[in-house]
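One structure below.
Below, the structure is given as structure tokens:
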């Protein structure tokens with residue numbers, strides 16, 4: 035481990051592309067400003083460990099975990115279980131939860147910044163390749179929805195046909211249109227109770243929509259709408 039002594043506003047370079055600046059020092063707490071390319075994800079250590087552990091656990095699933103036999107005892111030798119249609123089968127809620135939790139973390143981050151608590155992540159093969167949250171208030175940008183932010187942070191992709199988009203709230207027409215445009219085959223959401231969004235648009239274009247009806251997502255959004263109805267109506271264009 036390299037230990038460096040730095041003062042406020044002084045900078046540390048990691049390689050040629052990562053810059054760490056000491057923004058503020060208050061007692062035992064140090065605030066860091068980190069500038070890195072979009073291809074390099076930056077997380078707090080505990081969040082990084084949680085994501086890695088969740089991805090490792092999801093990758094350890096066996097076919098028997100996903101397709102249990104209906105009858106007790108081993109399946110007849112002539113019976114072969116079909117392979118899953120994608121890395122995350124729609125009927126296995128536990129496989130979705132690590133990624134929905136990551137989206138919830140993004141939503142809470144947005145709320146802590148004074149924004150609308152909606153978060154999203156883009157997943158490929160059990161790995162998060164892009165994450166984001168609603169930044170309309172923070173950036174004064176009407177297009178900065180959570181799903182758009184996650185897609186932007188994922189960077190250029192040759193194809194989205196093997197990805198899954200997770201969002202804490204059912205995507206609106208803007209974000210649903212982005213999923214259709216890029217050919218994302220599956221959208222998993224935590225809440226359709228507070229906002230109906232555009233599931234018909236997605237399904238009409240062959241996108242599978244999965245509503246996990248997550249209690250945390252529903253409660254967080256309902257409380258925000260109750261406390262900040264004006265900001266919510268602005269967000270959905272009413």
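In my numbering, the protein residues as written are 35 to 272. Heads up, the beta-carbon is just placed ideally off N, CA and C, and yes, glycines get one too.
Terminal residues of the beta strand (DSSP E) in which residue 199 lies
197-201
Three-state secondary structure (DSSP) at residue 179?
coil
Please state the DSSP three-state secondary structure of residue 191.
coil
What three-state label does DSSP hand residue 272 in the structure shown?
coil
In whole angstroms, what is the alpha-carbon distance linking residue 237 and residue 140?
26 Å
According to DSSP, what are the bridge partners of residue 215?
Note: residue 215 sits in no beta bridge, so no partner.
Let me confirm a value: residue 181 is counted as buried when at least 16 other C-beta atoms fall within 10 Å, else exposed. Which label applies?
Around the C-beta of residue 181, 16 or more other C-beta atoms lie within 10 Å, and the residue is accordingly described as buried.
Where residue 270 and residue 158 are concerned, what is the direct C-alpha to C-alpha distance, given to the nearest angstrom?
Rounded to whole angstroms, the gap between the alpha carbons of residue 270 and residue 158 is 29 Å.
Taking residue 241 as the reference, which of 49, 63 and 198 has the closest Cα?
198
Sequence-distant residues of its chain with Cβ nearer than 6 Å to residue 226 (five each side left out)
204 and 245
Identify, in the order they occur along the chain, each residue of the same chain with its Cβ nearer than 6 Å to the Cβ of residue 254, setting aside the five sequence neighbours on each side.
The residues 151, in chain order, have a CB closer than 6 Å to that of residue 254 in the same chain once the five nearest residues on each side in sequence are set aside.
Does the beta-carbon distance from residue 207 to residue 133 come in below 9 Å?
Cβ atoms of residue 207 and residue 133: not closer than 9 Å.
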